[in-house]
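Worksheet: the structure to be examined is printed underneath.
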Amino acid sequence: MLQPTKDEFKKIDTKQRQKFLKRLYDILDVRSIKIIKNPDNFEIIRWSEGGFVIWNVEQMKKYLLPQHFKHNKFSSLMRQLNKYGFKIKLKEDEKAYFTHPTIRQNNREIKRTFKDKKININQEIQKELDLLNQELICIKTRQCQLNKQMQISVKLMLKLQQYYENLVKTAYQSMTFTNNFRNLMFSNQQKIFGQVDGDLFMVDSINYYTISLLLISSFKPFLVTFQHKI
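With the first letter of the sequence shown counted as 1, position 193 gets the number 193 in the UniProt record's numbering; the numbers rise by one all the way through.
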């Protein structure tokens, strides 16, 4: 004998739920707009503001349960009601008050599959998973931003390093040029004046201007040659 598939079990369960709720509504539908049906039920069970009330549990067990649910076990009815989201609010003497978050006399659910405790737990787990997925997406987005900032920082550091190396190179070239210029100037001075005792800048102020002009004019060819070399 073939066993029903998972989808077939789901269809069977859905039909059973719809069947149970339809029977419950049939019991509660004592009055309609123009006609009165099941008037005797009105003394036993009726709609209330937040759900429905069983006014006489013993008569419910004796008459209505066998007629509509094929048994007289009130505990079984309570388990079914609890499974579909009904909660017993108060039970006193022969009365029992049942409430539901959405089901009312003018707001009924038959075709929709009701969420039992297991489904509610699964929904809570799904909510947690959704939150974790959102947090994971935020972490990945933040990581991408940090990676981009890191790449920018590395590029900037390389540019600064290159700039520093260029500064060092320029400073070294300036020092080399200064030394070469000093040597050329001293060599040119010796060629023009021969060996000069003491510091050149100790020459008296009268001859200093004349000597400077001679040095500059005589050094100009050597400076041009040096610039071409470098």
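Glycine included, C-beta positions come from ideal geometry on N, C-alpha and C.
None of the values given here were measured: they were computed from a predicted structure.
Do you know how far the Cα of Glu128 is from the Cα of Tyr84? 24 Å
Would you call Val53 buried or exposed, if buried means 16 or more other Cβ atoms sit within 10 Å of its Cβ? buried
Let's test the definition: count the other Cβ atoms within 10 Å of the Cβ of Ile137 and tell me whether it reaches 16, buried, or not, exposed. exposed
Just to confirm the assignment, what range does the beta strand (DSSP E) spanning Phe98 have? 95 to 99
When Gln143, Gln80, Ser48, Gly50 are compared against Arg23, the one with the closest alpha-carbon: Gln80
Need the endpoints of the beta strand (DSSP E) that Lys83 sits in, please. Note, Lys83: premise wrong, no beta strand (DSSP E); alpha helix (DSSP H) at 74 to 83.
Which of the three DSSP states is assigned to Glu124 in this structure? helix
Starting from the C-beta of Ile35, find all residues in its chain whose C-beta is less than 6 Å away, skip the five residues before and the five after it, and write them out in chain order. At Ile35 the pLDDT is 43, less than 50, meaning the model places this residue with poor confidence; the figure from the coordinates comes in the next sentence. Nothing meets the Cβ criterion.
Note down the Cα distance separating Gly198 from Leu184, rounded to an integer number of angstroms. A caution first: Gly198 carries a pLDDT of 45, below 50, which makes its placement in the model too unreliable to give a value.
Run the CB neighbour count on Met150, radius 10 Å, all protein chains shown included, and call it buried at 16 or more, exposed below. exposed
Could you check the C-alpha separation between Leu132 and Gln143 for me, to the nearest Å? 16 Å
Sorted by chain position, which residues of the same chain lie with C-beta nearer than 7 Å to His100's C-beta, five sequence neighbours on each side aside? Gly51, Gly85, Phe86
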